Each structure stands twice: as structure tokens, then as C-alpha cells.
Ligand code: EPU
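Residue numbers (UniProt numbering): 1 to 421.
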């Protein structure tokens with residue numbers, strides 16, 4: 001097993017380049033299965049465990065996957081005939097559910113193992129299923145797999161009951177080859193939803209309105225290979241912005257789309273940090289004591305749930321009281337017990353974390369209970385006095401590429417060790 005070891009107390013300084021968006025890449029790779037001709041060359045793919053897992057699933061389906069460099073994959077799905085994605089890798093991660101939409105639209109049938117992912121709450125897929133059924137698929141769940149069959153898929157008007165990133169993307173993929181027009185309402189507007197729509201359009205789909213309240217998909221006959229570059233990761237960027245503020249550092253975060261970071265920038269400014277936007281960069285500096293703020297997570301363009309855990313580490317040492325209300329996931333405060341081991345003064349009442357800032361955190365052995373919890377522990381370790389060891393870092397490796405190298409380059413004392421556990 002591996003751990004991250006951090007000796008805290010260094011203000012981060014310098015510049016860090018953000019990689020491609022995990023939550024876009026993990027949808028784009030399954031969507032590449034829809035291309036029945038030609039190769040997809042996809043650039044700016046983050047080098048993370050979730051992507052490695054998807055590469056294995058693509059190969060198990062019969063795709064040819066070539067790694068052109070660390071961040072570029074070539075996926076050739078033209079010879080795929082297999083619509084059965086039932087491997088341990090499929091079960092291991094959340095985004096494998098995008099194979100349902102992709103295989104269904106291409107083959108009019110699919111069998112996909114139910115997905116895993118971070119333990120942050122109940123993660124139903126009823127809205128995905130509602131969409132597939134509306135398009136004409138018969139859906140059953142048997143022995144832990146979703147099995148879908150359709151004589152043909154026909155466009156439909158679908159109004160989602162909850163705003164879901166996964167359901168929006170999955171049904172959008174499934175509708176690309178359906179006959180006629182599909183209208184999706186009450187959709188997610190996250191930047192990665194738009195990115196997946198752009199990727200599908202580059203393959204030949206006809207999708208309009210991604211990023212707004214209504215997405216319209218005019219079905220086409222086939223999708224073909226293309227070249228595409230994934231957008232920068234909003235959440236990785238937000239994590240480095242927060243780490244810069246937490247260590248009272250001076251960090252320029254490059255390869256970002258500042259517009260995607262507005263809700264995070266606004267909160268950091270409200271706390272008293274200086275946030276300067278460039279065309280494709282953001283600089284975060286702190287020249288005074290920060291103050292507590294209240295945060296409520298909401299779908300985009302609101303404050304992202306995936307950034308609230310890192311934020312709780314920052315707010316732990318900020319004077320005054322802060323409240324974080326998690327409105328998307330019912331179980332995303334599990335990391336708070338770990339932060340408490342480092343001296344944080346936080347109480348959780350239902351979905352609200354009540355944080356009373358303390359003067360300092362102290363290093364401890366703590367666990368990354370999920371991906372973003374792991375990022376929170378790294379930030380806490382960076383500000384804490386003494387040594388922090390983070391266990392279960394496989395969660396962090398699922399979504400943050402080479403995290404210790406990036407923080408080391410900013411001056412942090414952080415490295416990875418192997419231990420017998
Ligand atoms: N929901 C339903 N029914 C559904 C789908 C979702 O009730 O069929 C509910 C969920 O229980 C949740 C809410 O809707 O309360 C939102 O869930 P959503 O479907 O938007 O989440 P997701 O697609 O499973 C993605 C990201 C998460 C991120 C959420 C919200 C991926 C692979 N995962 O999950 O990212 O928290 O959107 O933005 O894209 C992470 O990166 O750490 C992470 C967990």
C-alpha cells in the first residue's frame with residue numbers, strides 16, 4: 001500500500017498546469033465506442049487511475065486503444081461487436097455507466113455491470129433508466145447488471161426529476177443515433193456536459209443547447225472518429241486555488257477556463273484572498289488573515305460539491321465560523337472525522353458542517369475516505385504543523401494526476417511511500 005507523507009507549513013509558490021477534466025474524460029472515452037468508423041484521437045486526457053480503468057474496459061469490449069503520449073489516447077471502436085461490459089473494472093468505477101448509453105445507441109442492446117465509485121451517498125441511476133426507456137429501450141436489472149434491449153430507439157421529450165450530470169450525459173449519448181428529435185429538460189449544465197456534447201458533435205452528432213436548460217438532439221445515422229481535446233479540469237484547478245489560499249501562498253494556475261471557476265473565485269475573494277484572472281490562468285495570493293464564509297453546494301454554475309471537501313480543510317484554520325451545506329450528496333462529510341484528528345473544530349449536523357476556525361492543525365495519520373476527501377487531507381497536511389501521513393491514497397490517484405509531483409513543484413514537502421498494511 002502507498003501513503004502520502006507531508007511535512008506542512010510551507011507557503012506554496014510558483015505555477016502549476018492543470019490537466020484535462022476527469023469528469024469529461026471519463027464520459028468521452030466510453031462515448032468513443034459509438035464511432036463505428038475511424039479512430040478517435042483524444043488529447044488532454046488526465047493520467048489517472050479512472051482513465052486507466054476505462055482503457056482496460058475499452059479493450060475488453062474489442063476497441064484498439066493506443067497511448068500516443070501520456071495525455072493522448074487513440075481509440076478505434078470500428079471493429080467492436082461486443083455489447084457486454086461486465087468486468088471487475090466496470091464495477092470499480094462510477095463513470096463506467098456511460099457505456100450503457102454508448103453501447104445501447106450503437107447496438108440497440110447493452111449489458112453493463114452496475115457501477116461503483118466514491119462512497120458519498122446513495123447513487124441511483126433511475127434517471128438514466130427513465131431516459132433510456134423513453135427512447136424505447138426495455139431495461140431490466142439482473143444479477144447486478146443493467147440489461148437493455150430496443151428494436152429501435154426513437155427520440156422523445158424527457159424531463160429529468162433531478163438535475164443529474166450522469167443522466168444528462170448518458171441519455172444524450174444514447175439519443176445521438178435515435179430516430180428523430182430528443183429533448184432533454186432539467187439537465188445538468190456542468191462544463192463537462194458541454195464538453196461531451198462538443199465531442200459527440202465532432203464525431204458527427206447533432207446536439208444543440210448543452211450548457212443551457214434544454215438540450216436538443218437530432219438523431220443521426222452514425223458517428224465517426226475525430227480529433228478532440230478535453231477541457232481543463234475545473235475541480236483540479238479549484239483544489240490548487242484552495243491549497244494556495246490555505247498555505248497563504250502565491251500560485252498561478254495555468255491551463256484553466258476562469259469562467260468555470262467563478263463560484264470558487266467568488267468564495268475565495270469573499271474570504272479575503274486575492275484572485276486575479278488571466279485569459280487561461282488564475283493567480284491566487286493571500287496578504288491578510290482570511291475570514292469564514294458560508295457555502296452551499298449546488299449544480300453548476302453554483303459552488304461544486306466536488307470542491308467542498310478541500311474547502312473544509314481551508315476553512316478549518318480560518319478565523320470565525322463557516323458553514324458548508326452539502327445539497328447534492330447525503331454522505332459527503334465523512335472526511336470531517338479525519339480533519340478532527342488534525343485538530344479541526346467541526347461539527348456535522350445532517351448535511352451541514354459547522355466549522356469554527358482554529359489557530360493551527362497538527363500532522364496525524366489520516367485516511368482518504370474518498371477522492372475529494374483525499375484532496376482535503378492533502379490541503380490539511382500542507383498547512384499542518386509536523387508530519388501528516390495519508391492512507392488509502394488509491395482514491396486520490398483515481399482523479400488527481402501525479403498530485404505529489406505537482407505540489408512538490410510548488411515547494412511543498414510531500415512524497416509517496418510504500419508501506420506494509
Ligand atoms: N441522482 C438520482 N438519480 C439518478 C442520478 C442521480 O437521484 O439517476 C441524484 C444523486 O443521488 C445525487 C444527484 O442526483 O443526489 C446528482 O447526481 P449526479 O448524477 O449529478 O452525479 P454523478 O453523475 O453520479 C458526477 C460526478 C461527481 C459529482 C457529481 C455532481 C462523474 C463521474 N462524477 O456524478 O464527481 O460529484 O456529478 O456534480 O462525473 C468526483 O469527481 O469526486 C465526483 C464524485
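Ideal Cβ positions, reconstructed from N, Cα and C, are used throughout, including at glycine.
As the structure is a prediction and not an experimental result, all values here were calculated from the model.
**OP:** Sort 402, 86, 289, 71 by Cα distance to residue 269 and report the nearest one.
**Re:** Stepping through the chain shown from its first residue, residue 269 is reached at position 269. Comparing Cα positions, the closest option is 289.
Original post:
Ordered along the chain, which non-local residues of its own chain (more than five positions away) have a Cβ less than 6 Å from that of residue 303?
Top reply: Sequence index remark: in the chain shown, residue 303 carries index 303 (1-based). For residue 303, where only same-chain residues beyond five positions count, the Cβ hits under 6 Å are 263, 295, 297.
Original post:
Hey, is residue 36 close to ligand 1, as in C-beta under 7 Å from one of its heavy atoms?
Top reply: By one-based count along the chain shown, residue 36 stands at place 36. Residue 36 Cβ: outside cutoff for every heavy atom of ligand 1.
**OP:** Could you please give me the residues that DSSP links to residue 113 through a beta bridge?
**Re:** Your numbering for residue 113 matches position 113 in the chain shown. Per DSSP, 145.
Original post:
Between residue 300 and the rest of its own chain, which residues show a CB-CB distance below 6 Å, the 5 nearest in sequence each way excluded?
Top reply: Counted from its first residue, the chain shown places residue 300 at position 300. Excluding positions up to five away in sequence, the list reads 189, 190.
Subject >> residue 350 burial status per 10 Å Cβ neighbour count (16 or more: buried) >> reply: One-based indexing of the chain shown puts residue 350 at position 350. With fewer than 16 Cβ atoms within 10 Å of its Cβ, residue 350 is classed as exposed.
**OP:** Could you please give the first and the last residue of the uninterrupted beta strand (DSSP E) stretch that includes residue 71?
**Re:** Within the chain shown, the letter at position 71 stands for residue 71. Run containing residue 71: none; DSSP gives neither H nor E here.
Original post:
Roughly how many angstroms separate the alpha carbons of residue 37 and residue 78, rounded to a whole number?
Top reply: Numbered from 1 along the chain shown, position 37 holds the residue referred to as residue 37. Numbered from 1 along the chain shown, position 78 holds the residue referred to as residue 78. In a straight line, the C-alpha of residue 37 is about 5 Å away from that of residue 78.
Subject >> Neighbourhood of residue 91 by C-beta distance below 6 Å, restricted to the same chain and skipping five residues each side >> reply: Within the chain shown, the letter at position 91 stands for residue 91. 113, 116, listed in sequence order.
Original post:
Hey, which unbroken runs of the beta strand (DSSP E) at 3 residues or more fall wholly within the segment 290 to 335?
Top reply: 294 to 296, 321 to 325
Original post:
Closest by CA to residue 172, which one among 197, 163, 153?
Top reply: Residue numbering aside, residue 172 sits at position 172 when the chain shown is read from its first letter. Of the listed residues, the one whose Cα sits closest to residue 172 is 197.
Original post:
Mind checking whether residue 247 and residue 382 have CB atoms under 8 Å apart?
Top reply: The residue you call residue 247 lines up with position 247 of the chain shown. The residue you call residue 382 lines up with position 382 of the chain shown. Cβ atoms of residue 247 and residue 382: closer than 8 Å.
**OP:** Express the C-alpha separation of residue 218 and residue 158 in angstroms, rounding to a whole number.
**Re:** Sequence index remark: in the chain shown, residue 158 carries index 158 (1-based). Sequence index remark: in the chain shown, residue 218 carries index 218 (1-based). Each residue's Cα considered, the two are about 14 Å apart.
**OP:** Just mark residue 408 as buried or exposed, buried being the case when its beta carbon has 16 or more other beta carbons within 10 Å.
**Re:** Here residue 408 corresponds to residue number 408 of the chain shown, with the count starting at 1. Residue 408 is exposed by the Cβ-count criterion.
Original post:
Does the Cβ of residue 371 lie closer than 7 Å to at least one heavy atom of ligand 1?
Top reply: Here residue 371 refers to the residue found at position 371 of the chain shown. True, at least one ligand heavy atom lies under 7 Å from that Cβ.
Subject >> Unbroken beta strand (DSSP E) run spanning residue 218, endpoints >> reply: Here the question's residue 218 lines up with position 218 in the chain shown. Counting along the chain, the beta strand (DSSP E) containing residue 218 begins and ends at 214 to 218.
Original post:
In whole angstroms, what is the alpha-carbon distance linking residue 279 and residue 44?
Top reply: For this step, residue 279 is matched to residue 279 along the chain shown. For this step, residue 44 is matched to residue 44 along the chain shown. Going by the C-alpha atoms only, they are around 18 Å apart.
Original post:
What do you reckon, is the C-beta of residue 96 under 7 Å from a heavy atom of ligand 1?
Top reply: By 1-based counting over the chain shown, the position of residue 96 is 96. No, ligand 1 has no heavy atom inside 7 Å of this Cβ.
Original post:
Are residue 399 and residue 181 close, meaning C-beta to C-beta below 8 Å?
Top reply: Against the chain shown, residue 399 aligns to sequence position 399. Against the chain shown, residue 181 aligns to sequence position 181. No; because the gap between Cβ atoms is not below 8 Å, this pair is not in contact.
Original post:
Pick from 149, 230, 155, 144: whose alpha carbon is nearest that of residue 134?
Top reply: Here residue 134 refers to the residue found at position 134 of the chain shown. Cα-wise, what sits closest to residue 134 is 155.
Original post:
Among 339, 67, 370, 54, which residue has its Cα nearest to the Cα of residue 358?
Top reply: Residue numbering aside, residue 358 sits at position 358 when the chain shown is read from its first letter. Taking only the C-alpha atoms, the option nearest residue 358 is 339.
Subject >> Helix, strand or coil at residue 198 [DSSP, three-state] >> reply: Here residue 198 refers to the residue found at position 198 when the chain shown is read from its first residue. Helix at residue 198.
Original post:
Contact check, residue 25 vs residue 46 under 8 Å by CB: the rounded distance?
Top reply: In the chain shown, residue 25 corresponds to position 25, counting from 1. In the chain shown, residue 46 corresponds to position 46, counting from 1. The Cβ separation is near 6 Å, so the contact holds.
**OP:** Confirm, please, whether the CB-CB distance from residue 368 to residue 390 is below 8 Å.
**Re:** Position 390 of the chain shown, counted from the first residue, corresponds to residue 390. Position 368 of the chain shown, counted from the first residue, corresponds to residue 368. Contact flag set, yes.
Original post:
Can you tell me where the alpha helix (DSSP H) with residue 453 in it begins and where it stops?
Top reply: Shown here, the chain extends from 1 to 421; a query on residue 453 therefore has no answer.
**OP:** For residue 52, count neighbouring C-beta atoms within 10 Å of its own C-beta (all shown protein chains included) and say buried if the count is 16 or more, exposed if not.
**Re:** In the chain shown, residue 52 corresponds to position 52, counting from 1. Exposed is the call here.
Subject >> Whole-Å CB distance - residue 72 paired with residue 42, under 8 Å assumed >> reply: For the purposes of this step, residue 72 is taken as the residue at position 72 of the chain shown. For the purposes of this step, residue 42 is taken as the residue at position 42 of the chain shown. Confirmed, Cβ separation roughly 7 Å.
Subject >> Three-way DSSP call (helix, strand, coil) for residue 169 in this model >> reply: By one-based count along the chain shown, residue 169 stands at place 169. Looking at residue 169 - three-state DSSP - the assignment turns out to be helix.
Original post:
Relative to the C-alpha of residue 373, which residue among 411, 332, 76 is closest?
Top reply: Within the chain shown, residue 373 is the residue found at index 373, counting from 1. That would be 332, whose Cα lies nearest to the Cα of residue 373.
Original post:
Quick one: is residue 8 buried, meaning 16 or more other Cβ sit within 10 Å of its Cβ, or exposed?
Top reply: Residue numbering aside, residue 8 sits at position 8 when the chain shown is read from its first letter. When all chains shown are included, residue 8 counts as buried.
Original post:
Is residue 162 near ligand 1, in the sense that its beta carbon is under 7 Å from a heavy atom of that ligand?
Top reply: Counted from its first residue, the chain shown places residue 162 at position 162. Result yes, Cβ under 7 Å from ligand 1.
Original post:
Do you know offhand how far residue 346's Cα is from residue 106's?
Top reply: Indexing the chain shown from 1 puts residue 346 at position 346. Indexing the chain shown from 1 puts residue 106 at position 106. Straight-line Cα distance between these residues: approximately 49 Å.
Subject >> As assigned by DSSP and simplified to three states, the class of residue 97 >> reply: The sequence position of residue 97 within the chain shown is 97, counting from 1. Correct three-state label for residue 97: helix.
Original post:
With a CB to CB cut of under 8 Å and the five nearest residues on each side skipped, what residues in its chain are close to residue 385?
Top reply: Counted from its first residue, the chain shown places residue 385 at position 385. So the qualifying residues of the chain are 8, 9, 360, 361, 362, 363.
Original post:
Straight-line CA distance for residue 4 to residue 243?
Top reply: Sequence index remark: in the chain shown, residue 4 carries index 4 (1-based). Sequence index remark: in the chain shown, residue 243 carries index 243 (1-based). Each residue's Cα considered, the two are about 16 Å apart.
Subject >> Inter-residue spacing [alpha-carbon to alpha-carbon] between residue 245 and residue 11 >> reply: To locate residue 245, count along the chain shown from 1; it is residue 245. To locate residue 11, count along the chain shown from 1; it is residue 11. Answer to the nearest angstrom: the Cα atoms are 9 Å apart.
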